[in-house]
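K.L.:
Last residue of the sequence shown: number 393 in this note's numbering, and the count goes up by one each step with no gaps.
Note that CB positions come from ideal geometry on N, CA and C, so glycine has one too.
Here you go, one structure.
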Amino acid sequence: MPARADESRLGGTLFLEDGTRFDGEGFGAPARHVGEVVFTTGMVGYPESLTDPSFRGQILSFTYPLLGNYGIPPTGPRASDDLPALESGRVQVRGLVVRGTTRPNHWAMGRTLEEWLAEEGVPGIRGLDTRRLTEHLRSRGVLRGAVHVGPESDRPSDDELAAAIRRAPQYADEKLVEEVSPRAPSVLGTGPGPLVAVLDCGVKSSILRALLARGVRVLRLPYDHEVPRRWDGRRVAGLVVGNGPGDPAHLKTTIEELGRPSNRDVPTLGICLGHQLVALARGGSTFKLKYGHRGQNKTIYFPDGRALIVSENHGYAVDPRSLRGTGLEPWATNPDDGTLEGLRNGTGRLLALQGHPEGHPGPQEAGFVFDQFVRRARRRS
């Protein structure tokens with residue numbers, strides 16, 4: 013006997029730890045996950061956002077009201093560099109919340125957003141008032157939540173979802189970096205260019221491609237690996253610490269490694285989480301932002317009067333007051349809330365940016381950060 017329409021249709025519920033509930037239509041995978049609920053203001057690039065390891069452990073809401081219009085591109089490794097076509101090889105978020113989806117139409121798509129989430133085991137909800145959700149998170153700050161997708165005729169109660177949140181670990185206590193960092197070292201690229209080490213806390217593929225495009229070879233290391241002086245007979249000429257999920261202060265091993273005297277002589281570039289980690293390694297401190305900076309049109313301001321538009325995805329920031337006596341100096345700030353967006357040392361050997369210079373939502377004007385770093389690495393090699 014065929015199932016009734018209300019039995020086969022999926023319902024979706026987002027329940028926040030403060031008791032706020034949102035009900036909508038479910039899609040993707042029938043599942044229940046608990047995570048930190050955050051929002052992003054990006055209008056495009058949803059496949060890249062969903063595969064960004066920095067979103068590991070989080071339930072992501074898009075403020076843009078319509079997603080899925082160009083489907084999902086093929087996600088396998090690219091033949092040119094053997095890196096995932098998107099920012100990683102899998103969907104990293106624990107749940108997706110959108111106002112609505114649309115029928116896709118793009119010559120290069122491999123599947124729909126709905127099909128992709130179902131294959132990856134990730135629940136999605138549409139039909140929610142994401143404007144109300146965003147305003148709530150901006151007012152209350154980031155909250156933990158439970159996303160549930162199941163039969164519409166059998167939605168869970170508030171008490172059931174609240175109990176699921178209580179049983180789940182706190183976001184800051186989860187070992188998220190261990191889940192997205194490689195297990196063993198590997199080398200990317202060929203040729204005579206300088207060898208640059210990357211301490212991989214969940215680095216995006218586009219950061220690695222930005223380095224390879226500038227003719228360097230990349231030694232990709234697990235987040236807790238010692239940075240070698242040489243590798244296969246070649247000198248390590250530079251060090252990059254990229255993005256990743258979670259609270260930077262919990263990565264004690266990485267912070268200790270970055271603070272080793274032997275690494276202070278190596279040209280170093282920190283991006284996003286890496287910006288926070290190099291500050292911690294020199295004696296600075298970080299704090300959790302109320303609701304974070306996540307989007308593709310974020311402004312950073314430099315003391316010389318320049319302003320750049322960059323892509324950002326972070327929930328923690330460096331306290332600029334903590335840099336006194338560390339040898340680091342502020343380099344860029346956020347004009348909206350005054351938070352620190354960049355730092356450097358007096359020699360220029362260390363450069364760090366909270367935003368993503370590799371981001372390609374439109375402007376690529378922050379790419380000069382990679383150029384400066386690679387020039388120093390070439391001189392050292």
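1. Start and end of the beta strand (DSSP E) containing Tyr328?
2. List the residues that DSSP assigns as beta-bridge partners of Asn11.
3. Assuming Ala249 contacts Val208 (C-beta within less than 8 angstroms), just tell me the rounded distance between them.
4. Check for me: the alpha helix (DSSP H) holding Glu172 runs from which residue to which?
5. Rounded to the nearest angstrom, what separates Leu340 and Gly354 at their Cα positions?
6. In the DSSP output, what is His148 paired with across the bridge?
7. Between which two residues does the alpha helix (DSSP H) holding Pro273 run?
8. When the Cα atoms are used, what is the spatial distance from Arg16 to Gly258?
9. State yes or no: is the C-beta of Pro260 within less than 8 angstroms of the C-beta of Gln288?
10. Hey, out of Arg276, Val228, Asp64, Pro279, whose CA is closest to Asp93's CA?
11. Check whether the Cβ atoms of Leu145 and Tyr303 sit closer than 8 angstroms, and answer yes or no.
12. Can you give the Cα-Cα distance for Thr202 and Val159, rounded to whole angstroms?
13. Exposed or buried, which one is Met13 when buried takes at least 16 other CB atoms within 10 Å?
14. Let me make sure I understand the geometry here. Which of Leu22, Ile71, Arg241, Pro204 has the alpha-carbon closest to that of Glu166?
15. In the region 238 to 298, which residue ranges form an unbroken beta strand (DSSP E) of at least 3 residues, counting only runs that do not cross its ends?
16. Taking C-alpha atoms, which residue in Arg388, Gly317, Thr311 lies nearest to Gln366?
17. Considering only the beta carbon of each residue, do Pro40 and Glu164 sit closer than 8 angstroms?
18. Count Cβ pairs between the region 131 to 146 and the region 95 to 114 that sit closer than 8 angstroms; are there 3 or more?
19. Taking the beta strand (DSSP E) that Leu220 belongs to, which residues open and close that run?
20. Please classify Val386 as buried or exposed, where buried requires at least 16 neighbouring CB atoms within 10 angstroms.
21. At the level of alpha carbons, what is the spacing between Gly6 and Arg232?
22. Give me the DSSP bridge partner(s) of Val49.
23. Across which residues does DSSP place Val340 in a beta bridge pair?
24. Rounded to a whole number of angstroms, what is the C-alpha to C-alpha distance between Pro85 and Trp119?
25. How would you label Phe382, buried or exposed, when you count the other beta carbons within 10 angstroms and need 16 or more for buried?
26. If we ignore side chains and look at the alpha-carbon of each, how far apart do Ile321 and Ser61 end up?
P.N.:
Taking the coordinates as given:
1. Within the sequence shown, numbered from 1, the residue matching residue 328 stands at position 316. Its beta strand (DSSP E) spans residues 319 to 330.
2. An answer regarding residue 11 cannot be provided, because it is not within the stretch 13 to 393 covered by the chain.
3. Counting from one through the sequence shown, the residue named residue 249 turns up at place 237. Counting from one through the sequence shown, the residue named residue 208 turns up at place 196. Contact check for Ala249 and Val208: beta-carbon distance about 6 angstroms, within the 8 angstroms limit, so the pair qualifies.
4. On the sequence shown, position 160 is the one that residue 172 refers to. Counting along the chain, the alpha helix (DSSP H) containing Glu172 begins and ends at 170 to 179.
5. If you number the sequence shown from 1, residue 340 lands on position 328. If you number the sequence shown from 1, residue 354 lands on position 342. Cα-Cα distance, rounded: 10 angstroms.
6. As a position in the sequence shown, residue 148 is number 136, starting the count at 1. None, per the DSSP bridge assignment.
7. Taking the first residue of the sequence shown as 1, we reach residue 273 at position 261. It spans 273 to 276 - the alpha helix (DSSP H) in which Pro273 sits, taken as one unbroken run.
8. Reading the sequence shown from its first residue, position 4 is the one you call residue 16. Reading the sequence shown from its first residue, position 246 is the one you call residue 258. Residue placement at Arg16 is poorly supported in this model, since its pLDDT is 44, which falls under 50; the coordinates are not used for a value here.
9. As a first step, residue 260 must be located in the sequence shown, where it is residue number 248. As a first step, residue 288 must be located in the sequence shown, where it is residue number 276. Yes, these two residues count as a Cβ contact at 8 angstroms.
10. Within the sequence shown, residue 93 is the residue found at index 81, counting from 1. Nearest option by C-alpha distance: Val228.
11. As a position in the sequence shown, residue 145 is number 133, starting the count at 1. As a position in the sequence shown, residue 303 is number 291, starting the count at 1. In terms of Cβ geometry, Leu145 and Tyr303 do not form a close pair [threshold 8 angstroms].
12. For the purposes of this step, residue 202 is taken as residue 190 along the sequence shown, with counting starting at 1. For the purposes of this step, residue 159 is taken as residue 147 along the sequence shown, with counting starting at 1. Those two C-alpha atoms are separated by around 44 angstroms.
13. Working through the sequence shown from its first residue, we reach residue 13 at position 1. Note that Met13 scores 40 on pLDDT, short of 50, meaning its location in the model is unreliable; the coordinates nonetheless yield the value given after this. Sixteen is the threshold: since fewer than 16 other Cβ atoms of the shown chains lie within 10 Å of the Cβ of Met13, the residue is exposed.
14. For the purposes of this step, residue 166 is identified with residue 154 of the sequence shown, where counting begins at 1. Sequence check: residue 166 is Asp here, not Glu. Per the Cα distances, Leu22.
15. The region 238 to 298 contains these whole beta strand (DSSP E) runs: 246 to 253, 280 to 283.
16. Locating residue 366 in the sequence shown gives position 354, counting from the first residue. Among Arg388, Gly317, Thr311, the Cα nearest to that of Gln366 belongs to Thr311.
17. Start at 1 with the first residue of the sequence shown, and residue 40 comes out as number 28. Start at 1 with the first residue of the sequence shown, and residue 164 comes out as number 152. Correcting the residue identity first, residue 40 is Gly in this sequence and not Pro. Contact: no.
18. The region 131 to 146 and the region 95 to 114 touch, with no fewer than 3 CB-CB distances between them shorter than 8 angstroms.
19. Locating residue 220 in the sequence shown gives position 208, where the first residue counts as 1. Not the beta strand (DSSP E): Leu220 falls in the alpha helix (DSSP H), residues 217 to 224.
20. One-based indexing of the sequence shown puts residue 386 at position 374. Taking all protein chains in view, the Cβ of Val386 is crowded by 16 or more other Cβ atoms within 10 Å, so the residue is classified as buried.
21. No answer is possible for residue 6: the residues shown for the chain start at 13 and end at 393.
22. Along the sequence shown, one-based indexing puts residue 49 at 37. Bridge pairing for Val49: Ile71, Leu155 [DSSP].
23. As a position in the sequence shown, residue 340 is number 328, starting the count at 1. Sequence inspection shows Leu at residue 340; the Val mentioned does not correspond to that position. Beta-bridge pairing links Leu340 to Asn357.
24. Numbered from 1 along the sequence shown, position 73 holds the residue referred to as residue 85. Numbered from 1 along the sequence shown, position 107 holds the residue referred to as residue 119. Each residue's Cα considered, the two are about 9 angstroms apart.
25. Indexing the sequence shown from 1 puts residue 382 at position 370. Buried is the call here.
26. On the sequence shown, position 309 is the one that residue 321 refers to. On the sequence shown, position 49 is the one that residue 61 refers to. Rounded to whole angstroms, the gap between the alpha carbons of Ile321 and Ser61 is 17 angstroms.
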